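Notes for the one structure printed next.
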Amino acid sequence: MKKAILCFPAIDSKLIQYPTGLYKIATYCNSYYEIIIIDQRIFSNPIIEINNLIENEGVDNILCLGLSVMTGQQIQSALEISKVFHDKLKIVWGGIHPTILPKQTISNKYIDYVIIGEGERAFLNLLNYLCGKENDYHLFLSKVNRNLTYNYLSDLTSHKYIDFSKYKIDDSYFIKRDGFKKAFTIETSRGCPHNCYYCHNSIFKKPYRFIKSSKIIEIIDVLYNCYKIDGIIFQEDNFFVNIKRVQNIIDYFIKNKSVGWKTNCRIDYFNKFIDDIHFMNNLVKSGCNVLQFGIESGSQRILNLINKKIKIEDVIKINKKLSMYPINIRYNFIIGFPTETKSEMQATLDLINRLLLDNRNVEPPFLNIYNP
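Last residue of the sequence shown: 827 (my numbering), numbering continuous.
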């Protein structure tokens, strides 16, 4: 069976999260090809690991080296690896950075192919092409094929999530924070039905899709039975879009008190939820110990500018009502938006102080600097 290597280059973060995307690609392809994953955060020198694979497997048996790349420091790490192996292996870049800047990425002399958007179907399509199998269509960018194809899976439920029997979870990926001793990150939806102008979802051109609750429960059961996890982190942009799905998952957690959870949500969704005492009490009973919201700014003008479609007065009102429940609240903010004034930046700081004073469960918020 031919092989391919997927690599997650080093990134400037103390928190090592599971590279879900790479393992989903590997699971999608592993009936046809053997996918080997190397995470530079765990293997501090991936160059040695990749060289060992080439020596042991033979360079002709390895179809390509794929790298998942986010804008920032990870580009430097990915380029260093690409330079070393470009003469031996076909180099493929995917992830957020090449999706946002595909033509710039493919113009680099060390990069042979670029995958835009989600990688499962496109990477399998590329591997088939590299094997000489005929393709009626190409789902990837190359030096010759410059057609931009934004890839995504239309149905997340029908495909196998991750083959945890084949790909064992390294201990480094379990998270010890937020009250958990052994939590694990899963992704149960992609995309977002909203259109905030600053968000990557507005560029990726993909609709909101989700895994059905019955399959999510199966995934959590496997993780608990195999690894005895005590927490699930739903790492996605907007967990609460489909409320029926959420309620099914809440019911599951109430019945299985050994596992708690945390997730992200839009604050305006809680305009509907916060006065539903039954829903809020069940949220607490289910072991939801952290809710994370993106507020972004304390200036209504800036919120309108980025098409956030929330109101500051609603944020203040919901935050006060959330204080009645023992759930830690985490807010994200951004300063430095184009045209933002000093007084608007100060309004963001003032809102942060107000939220902290009104709700003792609010953690010190994340304050990020806007980067175009």
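Cβ atoms here follow ideal geometry from the backbone N, Cα and C, with glycine treated the same way. Keep in mind it's a predicted model, so treat the numbers as computed, not measured.
Opening and closing residue of the beta strand (DSSP E) in which residue i lies
i	result
Y786	N783 to I790
N656	That residue, N656, is in no beta strand (DSSP E); its alpha helix (DSSP H) goes N656 to F659.
N823	F821 to I824
I688	G686 to F689
Of the listed residues the options, nearest to residue i (C-alpha basis)
i	options	result
R645	F821, Q747 and G476	G476
L822	S752, E512 and H593	S752
P662	N606, K623, I709 and K621	N606
A465	D494, Y473 and N485	D494
L585	E573, Y568 and E575	Y568
G513	T640, A459, E589 and N711	A459
K776	F788, P819, G791 and I732	I732
E818	I790, I782 and N826	I782
Y786	W716, V770 and Y487	V770
C462	C484, N516, S741 and I546	I546
Q702	F498, I509 and F728	F728
R700	F748, F665, P557 and E691	F665
I641	Y487, C654, N650 and K670	K670
S597	A577, F659, S657 and K717	A577
N744	N485, Y707 and W716	W716
N814	E795, T796, E799 and I773	I773
S778	K469, R809, L594 and Q559	R809
Q755	V739, K712, Q747 and L806	L806
F788	I722, D730 and Y780	I722
H614	S486, I561, I767 and Q472	S486
N656	R601, T554 and L603	T554
C720	D706, L746, K740 and K710	L746
S532	Y653, F619 and N500	N500
L470	D676, D626 and K588	D626
Neighbour-count burial assignment, residue i, 16 or more Cβ in a 10 Å radius
i	result
K479	buried
G521	buried
E573	buried
P735	The sequence shown places Met at residue 735, rather than the Pro named in the question. Under this definition M735 is a buried residue.
K764	exposed
T643	buried
K793	The question names Lys, yet the displayed sequence has Pro at residue 793. Flag for P793 reads exposed.
Q528	exposed
V714	buried
I698	exposed
Y628	buried
T796	exposed
I658	exposed
L812	exposed
L518	buried
I867	This structure gives no information on residue 867, because the portion of the chain shown stretches from 456 to 827.
P648	exposed
I503	exposed
R496	buried
Residues of its chain near residue i, where Cβ-Cβ distance is below 6 Å and the 5 sequence neighbours each way are ignored
i	result
P526	The sequence shown places Thr at residue 526, not Pro. Result list for T526: H552, in chain order.
L678	F639 and I684
Y724	F695
T718	F689 and F694
L804	none
I630	A638
G686	F635, A638 and G715
Y707	I672
Start and end residues, alpha helix (DSSP H) containing residue i
i	result
I458	The sequence given here places Lys at residue 458; Ile does not occur at that position. Unbroken run through K458 is the beta strand (DSSP E), K458 to F463; no alpha helix (DSSP H).
L470	First-last for L470: undefined, no H or E at that position.
I807	K797 to D813
P553	I551 to I555
N774	I767 to L777
K670	S668 to Y682
7 Å CB neighbourhood of residue i in its chain, flanking five on each side removed
i	result
M456	Y488 and E489
I617	Y478, K479 and T482
G550	S523, V524 and M525
I674	Y616 and I641
M800	I790
S668	R700, N703 and I704
I566	S537, I546, W548 and T560
Contact set for residue i: own chain, Cβ-Cβ below 8 Å, skip 5 residues either direction
i	result
C484	A459, I490, E575, F578, L579 and L582
N602	H593 and L596
Y652	L760, I761 and N762
P557	V569, I571, L596 and L603
Go through the segment 693-759 residue by residue and report every complete run of the beta strand (DSSP E) that reaches 3 residues or more, in order.
-> The DSSP assignment places 715-720 and 743-751 as complete runs of the beta strand (DSSP E) inside the segment 693-759, in order along the chain (cut-off: 3 residues).
Whole alpha helix (DSSP H) elements within the segment 486-546, 4-residue minimum = Taken in chain order, the unbroken stretches of alpha helix (DSSP H) that lie wholly in the segment 486-546 and span 4 residues or more are 501-512 and 528-540.
List in chain order: all unbroken beta strand (DSSP E) runs of 3+ residues lying wholly within the segment 557-643.
-> Taking only runs of at least 3 residues, the beta strand (DSSP E) segments lying wholly in the segment 557-643 are 638-641.
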